[in-house]
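In this note's numbering, the protein residues as written are 42 to 180.
Yeah, the Cβ is synthetic: ideal placement off N, Cα and C, and Gly gets one too.
Because the structure is a prediction, the values reported are computed rather than measured.
If you want it as structure tokens, here you go:
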């Protein structure tokens, strides 16, 4: 009998810290990544866009590492990158609308809704917004 792999969600925080060796969280993220061999990691196109935008001004070396990482992730069996769709945009926008008192980005709202739809409770982030919505932060 095949046992399903546990799935956790990877936020922008995780990918940025993993790629950027000058990030304050880099070492902790690298250590945690080594522990995730038997885990499925899910993220979204929206997260990938946010990471690529975030690291675009860090110079040629970081831009190259960022591109190489995301190219490689597309062929990594335990990584799932969900495509951006009109539906993902709309469900994120709905959460954005009903949380006017929060400072959630639209990408965070899309991630939260995606996690809820897939019953994912743990997230590779240090972003307190996810804790406010009841998710378990892994940093």
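query	result
Cα-Cα separation between residue 48 and residue 84, rounded to whole angstroms	10 Å
8 Å Cβ cutoff met for residue 151 and residue 163	no
Those residues which DSSP pairs with residue 80 across a bridge	47
Residue from 179, 158, 159 and 161 with nearest C-alpha to residue 168	179
Segment limits, beta strand (DSSP E) that includes residue 179	No beta strand (DSSP E) holds residue 179; DSSP gives it neither H nor E.
Buried or exposed by the 16-neighbour rule on C-beta atoms within 10 Å, applied to residue 58	buried
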